[in-house]
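See the structure below:
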């Protein structure tokens, strides 16, 4: 087989994705058709979504996603998170900068309103 032909695993992936779609569709349909208690609904949703996620994880795209999630988790562990003091200082700086920009925009708006009122003579 060449690189462009579909492998048997690709065909099996299609069956897995279709089964995921069927499971989720059945879950939604059963939720509307049948009268279940809240506990039964929640339990059936958890079971069917879990089963659908398990089947989806066994596809090539699902495996790639799980590998990506593991690598992302590893990268997040490498991040140097700011201390509480750094976070508070940055938050205060952002709030002050926001207040200054808001006041500048309010002043500019007032000046433009006065200028337009003067030019048009409407006295808004």
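Numbering (my numbering), first residue to last: 418 to 541. Beta carbons are placed, not taken as given, at the ideal position from N, Cα and C, and that holds for glycine.
Item: Contact under 7 Å by Cβ, residue 476 with residue 526; Value: no
Item: Same chain, Cβ closer than 6 Å to residue 423, five either side skipped, listed in chain order; Value: A caution first: residue 423 carries a pLDDT of 47, below 50, which makes its placement in the model too unreliable to give a value.
Item: Rounded separation between residue 465 and residue 454 - CA only; Value: 16 Å
Item: Length at least 4, wholly inside the segment 489-539: the alpha helix (DSSP H) runs in chain order; Value: 501-537
Item: Collapsed DSSP secondary structure at residue 476 in the structure displayed; Value: coil
Item: Helix, strand or coil at residue 436 [DSSP, three-state]; Value: helix
Item: Residue 449 in three-state terms, based on DSSP; Value: helix
Item: Segment contact flag, the segment 449-463 with the segment 481-498, C-beta cutoff 8 Å, min 3 pairs; Value: no
Item: Cβ neighbour criterion (16 or more within 10 Å) applied to residue 481; Value: exposed
Item: Where residue 461 falls: helix, strand or coil (DSSP); Value: helix
Item: Whether residue 483 touches residue 474 by CB criterion (7 Å); Value: yes
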